[in-house]
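Numbering (the numbering used here), first residue to last: 23 to 165.
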């Protein structure tokens, strides 16, 4: 398919991670928060990163994913063999020694293009999250 004016490109992505070490996970997220907010102290980070949602968002904001391969959060982890054609490691194979306390558990993405509404076009009246993710894939041009 060739690009044309007005074509919308949507990228739907899922990334999974398993928490192996909850204190390590929270510590990595708080460190990411402090790195992005240099004036924040330890107590500020503890208040800002209070639960798994805060922690996941801090890691995504800093590294672009939940279980990044960035050295600050993955250095020293035992290398694992990726499944050929799969979306991550073999089933049940967990990484147990990452500094961020996470075991990457797969990621997958799908590009959808065509006459689909962009997020911007919804304005402040976003539909249900499932519709935001599924509808572009349903309405997209096959590719």
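Just so you know, even glycine gets a beta-carbon here, dropped at the ideal spot from N, CA and C. For clarity, every value in this text was computed on a predicted model and none was experimentally measured.
For residue i and residue j, I'd like the C-alpha separation in whole angstroms.
i, j, result
"residue 84", "residue 54", "6 Å"
"residue 145", "residue 156", "18 Å"
"residue 129", "residue 59", "28 Å"
"residue 40", "residue 80", "16 Å"
"residue 138", "residue 161", "6 Å"
"residue 96", "residue 90", "7 Å"
"residue 88", "residue 132", "18 Å"
"residue 123", "residue 51", "10 Å"
"residue 152", "residue 119", "34 Å"
"residue 86", "residue 92", "10 Å"
"residue 45", "residue 25", "47 Å"
Going by other Cβ atoms of all chains shown within 10 Å of its Cβ, with 16 needed for buried, is residue i buried or exposed?
i, result
"residue 112", "exposed"
"residue 117", "buried"
"residue 69", "exposed"
"residue 140", "exposed"
"residue 36", "exposed"
"residue 72", "exposed"
"residue 67", "buried"
For residue i, does the three-state DSSP call read helix, strand or coil?
i, result
"residue 132", "strand"
"residue 52", "helix"
"residue 243", "Only positions 23 to 165 of the chain appear in the structure, and residue 243 is not among them; the question remains open."
"residue 124", "strand"
"residue 138", "coil"
Any idea which residues DSSP pairs residue i with across the strands?
i, result
"residue 79", "Paired residues: none, contrary to the question."
"residue 92", "Answer is none; residue 92 lacks a bridge partner."
"residue 36", "130"
"residue 71", "Residue 71 is not bridged to any residue."
"residue 41", "124"
Since residue i and residue j are thought to touch, with beta carbons under 8 Å apart, how far apart are those beta carbons, to the nearest angstrom?
i, j, result
"residue 126", "residue 98", "About 15 Å separates the two Cβ atoms, so there is no contact after all."
"residue 77", "residue 48", "6 Å"
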